[in-house]
Amino acid sequence: MKRKRRTHSAEFKARVALEALKGIKTINQIAQDEGIHPVQVSQWKKELQERLPEVFASAKSGRDEKEKSERNLSRLERKVGQLVIEKEFLEKKCGELGIDLNEKP
């Protein structure tokens with residue numbers, strides 16, 4: 070009879086991998102306590118070690134994205150202000166020259 074494949078939650082995997090990473094118990098002890106194969110514990114530990122830098126990188130990239138968005142917003146606001154001034158200037162000059170802006174060419 071085949072064993073039914075179990076799926077473990079992300080929290081469970083993280084807890085087991087972190088316990089293995091701490092090194093207080095051996096991988097075999099952790100596997101026996103949790104009822105899983107030692108190879109699985111090793112894989113989760115390896116994945117945790119490989120992906121840990123992403124935690125800190127994503128925080129930095131999040132700040133960088135926010136700063137970039139703020140700079141872009143500021144640039145766009147300046148551009149809108151400039152275009153409003155140009156529009157008002159051109160409307161004034163058209164009025165002085167007697168050009169009707171509502172008339173279609």
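In my numbering, the protein residues as written are 70 to 174. Ideal Cβ positions, reconstructed from N, Cα and C, are used throughout, including at glycine.
Assigned secondary structure, residue i (DSSP; H/G/I helix, E/B strand, else coil)
{"i": "residue 75", "result": "coil"}
{"i": "residue 141", "result": "helix"}
{"i": "residue 94", "result": "coil"}
{"i": "residue 129", "result": "helix"}
{"i": "residue 121", "result": "helix"}
{"i": "residue 136", "result": "helix"}
{"i": "residue 167", "result": "coil"}
{"i": "residue 162", "result": "helix"}
{"i": "residue 104", "result": "coil"}
{"i": "residue 157", "result": "helix"}
Sequence-distant residues of its chain with Cβ nearer than 6 Å to residue i (five each side left out)
{"i": "residue 156", "result": "none"}
Close-in-space but distant-in-sequence residues of the same chain around residue i (CB under 8 Å, 5 per side omitted)
{"i": "residue 111", "result": "89 and 96"}
{"i": "residue 100", "result": "106, 107, 109 and 110"}
{"i": "residue 118", "result": "90"}
{"i": "residue 143", "result": "none"}
Close beta carbons around residue i, own chain, < 7 Å, minus the five adjacent residues each side
{"i": "residue 85", "result": "99, 103, 110 and 113"}
is_contact[residue i, chain C] using C-beta, thresh 8 Å
{"i": "residue 122", "result": "Looking at the structure shown, chain C is missing, and only one protein chain is on hand."}
Supposed contact pair residue j and residue i - C-beta distance, whole angstroms, cut 8 Å
{"i": "residue 170", "j": "residue 163", "result": "6 Å"}
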